[in-house]
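Asks:
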Amino acid sequence: MRKAKWVAAAAGVVLLVAGCSSEGGSDKGGSIGGGGERIDGAAVTKELTDAATGAGFTQDASGEQIPAEAKDCMVSWTADAEKAKDPAKSYTDTVATLTKGGWSEERKTEQGGSVIKSLKKSTWQLQASNHSAGPLKLVMFVAVDGSPQCAAAIAGANKVTPSS
Numbered sequence: 023m024r025k026a027k028w029v030a031a032a033a034g035v036v037l038l039v040a041g042c043s044s045e046g047g048s049d050k051g052g053s054i055g056g057g058g059e060r061i062d063g064a065a066v067t068k069e070l071t072d073a074a075t076g077a078g079f080t081q082d083a084s085g086e087q088i089p090a091e092a093k094d095c096m097v098s099w100t101a102d103a104e105k106a107k108d109p110a111k112s113y114t115d116t117v118a119t120l121t122k123g124g125w126s127e128e129r130k131t132e133q134g135g136s137v138i139k140s141l142k143k144s145t146w147q148l149q150a151s152n153h154s155a156g157p158l159k160l161v162m163f164v165a166v167d168g169s170p171q172c173a174a175a176i177a178g179a180n181k182v183t184p185s186s
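Here the sequence shown stands for residues 23 to 186, where the numbers follow the numbering used here.
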């Protein structure tokens, strides 16, 4: 049941991203990076891992798991904010490293000590969330590829088959 909720939420993000894309639906292929190659989930995971661990985070292995059929289209990276020396600084440094690596910051929301930044690279949309100011220390990064192929893959992963 948890998998279905995660995929449903991610599918909603994909639809939101696809609907808000400033590219006017011109993307017919995959996600194209600066070098002309498709950016897949593994590449985004590596960028996130390198940026976050370089900033002082370790990954919390108990974070959300991505369904196998959506691994090239979605990435979830949860930091173990309890172990970070300064979670707010590590969050800021992670986002700074990502922007230096080609991610552009589109939006920032701050409320009650929490910060959520929306970053974009090619057809990928990344939500970087820092909720470490209060008693609950939660820092996570969720990226979704808004390409048509990924929207279809995530929609397929969200289908629940009835048991026999």
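Ideal placement from N, C-alpha and C gives every residue a C-beta, glycine not left out.
1) Would you decide whether E132 is buried or exposed? Buried here means 16 or more other CB atoms lie within 10 Å of its CB.
2) Mind checking Q200: buried by the 16 CB within 10 Å criterion, or exposed?
3) Have a look at K181, N180 and S151 and flag the residue whose alpha-carbon is nearest the alpha-carbon of A103.
4) Determine the DSSP secondary structure at D62, reduced to helix, strand or coil.
5) Helix, strand or coil: how does DSSP classify I176 here?
6) I'd like to know whether the C-beta atoms of V137 and E86 end up nearer to each other than 9 Å.
7) By DSSP, does D82 sit in helix, in strand, or in coil?
8) Where does the unbroken alpha helix (DSSP H) through T116 begin, and where does it stop?
9) Are the beta-carbon atoms of A92 and A179 separated by less than 9 Å?
10) Of the choices K143, D167, D72 and S84, whose alpha-carbon is the least far from that of Y113?
11) In its own chain, which residues sit with a C-beta less than 8 Å from the C-beta of Q81, not counting the 5 before and 5 after it?
12) Whole angstroms are fine: how far does the CA of L160 sit from the CA of K50?
13) Using three-state DSSP, classify Q171 as helix, strand or coil.
14) Mind checking who K142 pairs with in its DSSP beta bridge?
15) Rounded to whole angstroms, what is the Cα-Cα separation between T116 and I88?
Replies: Once the coordinates are examined:
1) In the sequence shown, counting from the first residue as 1, residue 132 sits at position 110. Classification for E132: exposed.
2) Because the chain spans 23 through 186 in this model, residue 200 falls outside it and cannot be assessed.
3) Start at 1 with the first residue of the sequence shown, and residue 103 comes out as number 81. The option with the nearest alpha carbon to A103 is S151.
4) Position 40 of the sequence shown, counting from 1, holds the residue named residue 62. Correct three-state label for D62: coil.
5) Counted from its first residue, the sequence shown places residue 176 at position 154. Three-state DSSP puts I176 in a helix.
6) Counting from one through the sequence shown, the residue named residue 137 turns up at place 115. Counting from one through the sequence shown, the residue named residue 86 turns up at place 64. No, they are not a contact pair.
7) As a first step, residue 82 must be located in the sequence shown, where it is residue number 60. Three-state result, D82: coil.
8) In the sequence shown, residue 116 corresponds to position 94, counting from 1. It spans P109 to K122 - the alpha helix (DSSP H) in which T116 sits, taken as one unbroken run.
9) Residue numbering aside, residue 92 sits at position 70 when the sequence shown is read from its first letter. Residue numbering aside, residue 179 sits at position 157 when the sequence shown is read from its first letter. The answer is yes: Cβ separation under 9 Å.
10) For this step, residue 113 is matched to residue 91 along the sequence shown. The residue with the shortest Cα to Cα distance from Y113 is D72.
11) Residue 81 sits at position 59 when you count from the first residue of the sequence shown. For Q81, where only same-chain residues beyond five positions count, the Cβ hits under 8 Å are T71, A74, T75, W99, T100, A101 and D102.
12) Translated into positions along the sequence shown, residue 50 becomes position 28. Translated into positions along the sequence shown, residue 160 becomes position 138. For K50, the predicted structure reports a pLDDT of 33, less than 50, and the residue's modelled location is therefore unreliable. The matter cannot be settled from this model.
13) On the sequence shown, residue 171 is found 149 positions in, with the first residue counted as 1. Helix at Q171.
14) Residue numbering aside, residue 142 sits at position 120 when the sequence shown is read from its first letter. K142 is bridged to S126 and Q147.
15) Residue mapping note: residue 116 aligns to position 94 of the sequence shown, counting from 1. Residue mapping note: residue 88 aligns to position 66 of the sequence shown, counting from 1. When rounded, the distance between both Cα atoms is 21 Å.
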